[in-house]
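Asks: After the structure tokens below, expect a handful of questions from me.
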Amino acid sequence: MGSANAHVIPAMHQHLKLKAYSQSTIKTYLNEMSQLLHLLKDIPADQLTPEHLKRYLVFCYEKLQLKENTLHSRINAMKFYYEQVLGREKFFWTIPRPKKPQLLPKLLSEDELTRLFNALTNKKHKAILFTAYSAGLRVSEIVKLKVADIDSSRMQIFVSQSKGKKDRYVGLSPIVLDILRSYIKTCTPRPLEYLFESEQTHTAYPIRTVQQIFTTAKQKAGIRKEVGVHSLRHSFATHLLEKGTDIKYIKDLLGHFDIKTTERYLHVSKKQLVNIVSPFDDLWKKQSIDW
1471 MGSANAHVIP AMHQHLKLKA YSQSTIKTYL NEMSQLLHLL KDIPADQLTP
1521 EHLKRYLVFC YEKLQLKENT LHSRINAMKF YYEQVLGREK FFWTIPRPKK
1571 PQLLPKLLSE DELTRLFNAL TNKKHKAILF TAYSAGLRVS EIVKLKVADI
1621 DSSRMQIFVS QSKGKKDRYV GLSPIVLDIL RSYIKTCTPR PLEYLFESEQ
1671 THTAYPIRTV QQIFTTAKQK AGIRKEVGVH SLRHSFATHL LEKGTDIKYI
1721 KDLLGHFDIK TTERYLHVSK KQLVNIVSPF DDLWKKQSID W
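If you read the sequence shown in the numbering used here, its first letter stands for residue 1471, the second for the next number, and so on.
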């Protein structure tokens, strides 16, 4: 990064903090903007036009071969700088966004979940993954759970300031409540703030550790699907849908802003698929077709 652009990252960082963006978003935006500045060297970023940025994005797509989601992050970061920090309204008005691939959620069957859970031997690890699946929580929500968030009188779990800085309540499984009580009794010392504390630092359990717990259990269970810990959340939603739960309730439980996000689970629900009769079957039954 050249001296002509030394002000960009500090100014952007300050603006992101003032607008109360999450730490993960701040980190992503600053990193994406830094990639542009690294390429510019001493060319002032403030002098770039939308046409310059279009050519840069083509370079990112064709030469760097960035995926659509990464390009969206890069566009969001640049858009924030030029429109929010520099105050250039509609600066990105003529800059198109690449179409994101429509990926279906990856989930585990009940048999795979049973094998996964039985592959766990550590009580704490069991409690973490049981809670994640039972309430459809994101991994970031699991590690931030506090002891006080478990409301046994109302059988609810309070999820604080999750994605989009929203609070919500999710149901607390009676079985999971018993498991959590049993888990806490095994902790020495008992967790004071976070439900799943790091034994060394007594702070929130690292996300990477939870991801590794899941990966290790998946390998031991012989599950070859390319899924991560987030698949527990996908499985929770799909299995509820298959049991007849109204999709509007599932939307609220997952903390989705738009029901279209929740509707993705309609495409992977086994119940929805098995109720669809192939037109070939109807034809076979009605007509005399040789085999």
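A virtual CB, placed ideally from N, CA and C, is assigned to each residue, including glycine.
Quick one: residues in its chain with C-beta nearer than 8 Å to the C-beta of Lys1459, no 5 flanking neighbours on either side, listed in chain order?
Replies: Because the chain spans 1471 through 1761 in this model, residue 1459 falls outside it and cannot be assessed.
Asks: Starting from the C-beta of Glu1538, find all residues in its chain whose C-beta is less than 8 Å away, skip the five residues before and the five after it, and write them out in chain order.
Replies: These residues qualify, in order along the chain: Pro1568, Lys1569, Lys1570, Pro1571.
Asks: Need the endpoints of the beta strand (DSSP E) that Tyr1639 sits in, please.
Replies: Here the beta strand (DSSP E) through Tyr1639 covers 1638–1641.
Asks: DSSP has Gln1535 in a bridge; who is on the other side?
Replies: Per DSSP, none; premise fails for Gln1535.
Asks: So, for Ser1492: in the same chain, excluding its five sequence neighbours on each side, which residues have a beta-carbon less than 8 Å away from its beta-carbon?
Replies: Closer than 8 Å at the Cβ level, and outside the excluded window around Ser1492, lie Lys1635.
Asks: Return yes when the Cβ of Asp1619 is within less than 9 Å of the Cβ of Val1765, no when it is not.
Replies: The first residue shown for the chain is 1471 and the last is 1761, placing residue 1765 beyond what the model contains.
Asks: Grab me the residues of Asp1621's own chain with a C-beta within less than 6 Å of its C-beta, minus the 5 sequence neighbours each way, in chain order.
Replies: Counting only Cβ-Cβ distances below 6 Å, and skipping sequence neighbours, we find nothing.
Asks: Do you know offhand how far Lys1688's Cα is from Arg1694's?
Replies: Computed Cα separation, rounded: 8 Å.
Asks: Within the continuous beta strand (DSSP E) that includes Val1629, where are the two ends?
Replies: Val1629 -> beta strand (DSSP E) spans 1626–1629.
Asks: Around the Cβ of Lys1614, are there at least 16 other Cβ atoms within 10 angstroms (buried) or fewer (exposed)?
Replies: When all chains shown are included, Lys1614 counts as buried.
Asks: Give a yes or no on whether the C-beta atoms belonging to Arg1651 and Leu1723 are separated by under 9 Å.
Replies: Not in contact: Arg1651 and Leu1723 (Cβ atoms no closer than 9 Å).
Asks: Could you round the C-beta distance between Leu1507 and Ala1515 to whole angstroms and report it? I think they count as a contact, below 8 Å.
Replies: Between Ala1515 and Leu1507 the Cβ distance is about 6 Å, and since that is below 8 Å, they are a contact.
Asks: Using C-beta distances below 7 Å, list every residue in its chain close to Thr1656, excluding the 5 sequence neighbours before and after it, in chain order.
Replies: Within the same chain, Thr1656 has close Cβ partners Lys1593.
Asks: Tell me the residue span of the alpha helix (DSSP H) that contains Asn1501.
Replies: Run containing Asn1501: 1493–1510, per the alpha helix (DSSP H) assignment.
Asks: By a C-beta neighbour count over all protein chains shown, 10 Å radius and 16 as the cutoff for buried, is Gly1606 buried or exposed?
Replies: With 16 or more Cβ atoms within 10 Å of its Cβ, Gly1606 is classed as buried.
Asks: Are the CB atoms of Thr1731 and Lys1721 within a distance shorter than 9 Å?
Replies: Yes, Cβ-Cβ distance for Lys1721 and Thr1731 is below 9 Å.
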